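In the numbering used here, the protein residues as written are 623 to 724.
Ideal Cβ placement from N, Cα and C applies to all residues, glycine included.
Given the structure is predicted, the values throughout are model-derived calculations rather than measurements.
Report on the following structure.
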């Protein structure tokens, strides 16, 4: 009689196709040219969408979303540096995956 095998290495995370669709969606927002918003308005617009993605896709394997969320953070930093002159003196947004923390 065979003993059943249990697989414990399965981590249901976000699929590559879903990540691609989310990245395309974020690019269509064109955050870096939305100078009419202030930080509160931009947060009110983006937060419900991104928190929904985190809730849905990050239920079991949240760390799979971290590179994507860093990309959104980079877009927001670029927006802030263009909008507010006092933030332009900070280091430019480091390339994604460079290991530099902001």
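- The three-state reading of DSSP puts residue 648 in helix, counting H, G and I together.
- From the listed residues 702, 626 and 709, the smallest Cα separation to residue 665 is found for 702.
- Between the C-alpha atoms of residue 646 and residue 708 there is a straight-line separation of about 30 Å.
- In the structure shown, the three-state DSSP call for residue 638 is helix.
- Proximity to residue 650 across 704, 694 and 706 peaks at 694, based on C-alpha coordinates.
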